[in-house]
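For what it's worth, the numbering used here labels the leading residue of the sequence shown as 302, then goes sequentially. Following: one structure in structure tokens, then a few remarks.
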Amino acid sequence: MQKIAVLGAGAWGTALAIHLARVGHSVTLWSHSEASAKQLRTARENARYLKGCPFPESLQVTADLAKSVSEVDGVLLVVPSHVFREVLQQLEPLLAVQRPHIAWATKGFEPDSLLLLHKVAKEVLGQDTPLAVLSGPTFAEEVAHGLPTAMVSASKSSDEADFWAQAFHYDNFRIYTQDDVVGVEVGGAYKNIMAIATGVSDGLGLGANARAALISRGMAEMMRLSQALGGNTETMMGLAGLGDLVLTCTDDLSRNRRFGYQLAQAGAQVDAVIENIGQVVEGVKAVRAVHQLSEKLELDLPIMQQVYRLIEGDISPQQAAQALLARDGKAEAE
Numbered sequence: 302m303q304k305i306a307v308l309g310a311g312a313w314g315t316a317l318a319i320h321l322a323r324v325g326h327s328v329t330l331w332s333h334s335e336a337s338a339k340q341l342r343t344a345r346e347n348a349r350y351l352k353g354c355p356f357p358e359s360l361q362v363t364a365d366l367a368k369s370v371s372e373v374d375g376v377l378l379v380v381p382s383h384v385f386r387e388v389l390q391q392l393e394p395l396l397a398v399q400r401p402h403i404a405w406a407t408k409g410f411e412p413d414s415l416l417l418l419h420k421v422a423k424e425v426l427g428q429d430t431p432l433a434v435l436s437g438p439t440f441a442e443e444v445a446h447g448l449p450t451a452m453v454s455a456s457k458s459s460d461e462a463d464f465w466a467q468a469f470h471y472d473n474f475r476i477y478t479q480d481d482v483v484g485v486e487v488g489g490a491y492k493n494i495m496a497i498a499t500g501v502s503d504g505l506g507l508g509a510n511a512r513a514a515l516i517s518r519g520m521a522e523m524m525r526l527s528q529a530l531g532g533n534t535e536t537m538m539g540l541a542g543l544g545d546l547v548l549t550c551t552d553d554l555s556r557n558r559r560f561g562y563q564l565a566q567a568g569a570q571v572d573a574v575i576e577n578i579g580q581v582v583e584g585v586k587a588v589r590a591v592h593q594l595s596e597k598l599e600l601d602l603p604i605m606q607q608v609y610r611l612i613e614g615d616i617s618p619q620q621a622a623q624a625l626l627a628r629d630g631k632a633e634a635e
């Protein structure tokens, strides 16, 4: 048994906290809002995001960050990418004496700096701090219900990767370890962009052939970006790449896919669709970051480019689809 703090009480953070408590760990779930924390403590479930998934007895909830990380063995951050640095900065002085294992299950880039999150963590916590990232094809609702799941624990430190793999391993929940942090993070961020694209395609009624083509070519773009940032292209063939890409692009539990689908149905009213989704749509932030990165690195990422133009209101869903179909033919490997 370990003592673990999970920071972030959204759907994903709550699901992971439920799983860790189910394993038998002593888990504290931190919410940034006292009102939210009180509601979770009273209901013993996250009725807003995961109704019908009761908390195990060993799962406690607090809005006190210092209390949540006191004398813990591990800290798992599951907060949106745009507040990742802020939460780390609040966390850092609380870890001055103790040095627990630190990981995150957040997917995306830091919006302003365009940094992958492991670089943000190194800037805040120190370059020598061992860190891990957890990723893979996972829906919060299925994890909370205890359905079969596989993920990746990636770290340059094998001890760090192993700690989180062992912490999560239980029954039909399996975690694989590896050391390609860059590749795992790129896969986790980029698949949300592709989910928007496939959602738009399905919303326009373009069919299964178009969806399969988008997923395949999306994989090529993910590999291209990962390689440019120092990742291994082979990682894209694993759980954090292909696995997450297929899951997010083909099932309506994906908020990014639903966002793209509704964009196509609503005529690209971005703000209205985000409000209707009711949760953070990470793909919107990711596509803006990747667009800037692609210009900086001079990368050709055509699907991403059309999603970006759609998000910015420059084109309609129909125009985005037409722009991709009108591209000149070339060798598949290019």
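The C-beta atom is built at its ideal place from N, Cα and C for all residues, glycine as well.
- Shown here, Ser502 sits in a helix according to DSSP, grouped into three states.
- Under DSSP, the beta-bridge partners assigned to Gly375 are Ile305, His402.
- The Cβ atoms of Ala322 and Ala338 do not sit closer than 8 Å to each other.
- Counting along the chain, the unbroken beta strand (DSSP E) around Arg475 starts and ends at 474-479.
- With respect to Lys304, Val373 sits close: the two C-beta atoms are nearer than 8 Å.
- Spatial neighbours of Arg342 in its own chain (CB-CB distance under 7 Å, excluding positions within 5 residues in sequence) are listed in chain order as Val362.
- The count of Cβ pairs closer than 8 Å, one atom from the segment 476-489 and one from the segment 555-573, stays below three, leaving the stretches out of contact.
- Positions of the beta strand (DSSP E) runs, each at least 3 residues long and wholly inside the segment 327-375, are given as 327-331, 360-363 in order along the chain.
- A direct Cα-to-Cα measurement between Gln479 and Gly614 gives close to 39 Å.
- Excluding five sequence positions before and after Phe469, the CB atoms of its chain that fall closer than 6 Å to its own CB belong to Ile476, given in chain order.
- In chain order, Leu432, Val434, Val482, Val483, Glu486 place their CB closer than 8 Å to the CB of His419, counting only its own chain and leaving out the 5 sequence neighbours on each side.
- When secondary structure is reduced to three states using DSSP, Ser517 falls in the helix class.
- With respect to the C-alpha of Gly409, the residue from Val582, Tyr609, Ile612 having the closest C-alpha is Val582.
- The criterion of a C-beta distance shorter than 8 Å is satisfied by Ile516 and Thr499.
- The continuous alpha helix (DSSP H) containing Thr551 extends over residues 545-551.
- Between the C-alpha atoms of Ser371 and Pro438 there is a straight-line separation of about 31 Å.
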